[in-house]
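Residue 10 in full-length UniProt numbering sits at position 10 of the sequence shown, and the numbers go up by one each step.
Positions of the beta carbon are idealized from the N, C-alpha and C atoms, including for glycine.
Heads up: the structure comes next, in structure tokens.
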Amino acid sequence: MVRTISFVCKSWQEAVTGPCCWTDINIEEWCRHVNNPDVIDTVVRKLVRRSRYKLRRLSAYRIQNNEREALAIANTMFGLEQLELAFGRFSDYGLAAILSNCKALSFLDLSGCQYVKLEGDVGSKFYALKSYKEPFSDFYESFPSNVNDNDDNDDDNNDDDDDNDNNEEHD
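Okay, here's the thing in structure tokens:
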């Protein structure tokens, strides 16, 4: 679409290639569809460069080289307000840099970020954000909440089960 719009006229080309159009980047669904970390990394880097590091919001999914990307975010995107890096592969080290340098950050999504432990100051800074999603929150939300662990509805009238129930009551 960017290539098509830029051919409309010179004003459109300047508008589309300027950083103002690239302050809010949400490519999470596209990342899920593509599901190729190398392609995703390349596109994210190009979009961030196109924004001239003036991003306010970045939403991506499964960025491959996340420790380096986390440090790049921390060192270049000081005005970032919202960051969604679901299933990222960075650690508390990269997260600490983001939380220390991106002072305007108010929302951070770390769903599925298995290497983030939120220990020490990193955890304190994370939980102090206005809004956040913890690591593995998507994982737990994928299970239905109405799962019934009780066997009360079990139609099997097995004598062995009755014996086990009686044994448990007499412990």
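Where the beta strand (DSSP E) through residue i begins and ends
i	result
L95	That residue, L95, is in no beta strand (DSSP E); its alpha helix (DSSP H) goes D92 to N101.
L108	F107 to D109
E84	Q82 to A86
For residue i, the three-state DSSP class (helix, strand or coil)
i	result
A128	coil
R50	helix
L71	helix
Q114	coil
R57	strand
Q13	helix
D149	Any reading at D149 must be qualified, since the residue scores a pLDDT of 47, below 50, and its modelled position is unreliable; the value itself is stated next. Reduced to three states, the DSSP call for D149 is coil.
N26	strand
Neighbour-count burial assignment, residue i, 16 or more Cβ in a 10 Å radius
i	result
A74	buried
residue 173	Past the edges of the chain, shown from 1 to 171, lies residue 173, and the structure says nothing about it.
D121	exposed
Y61	buried
A128	exposed
G79	exposed
If we count Cβ pairs, one from each stretch, closer than 8 Å, do we get three or more for the stretch 59–67 versus the stretch 79–98?
yes
For the structure I just gave you, are there three or more beta carbon pairs, one from the stretch 104–116 and one from the stretch 125–139, closer than 8 Å?
yes
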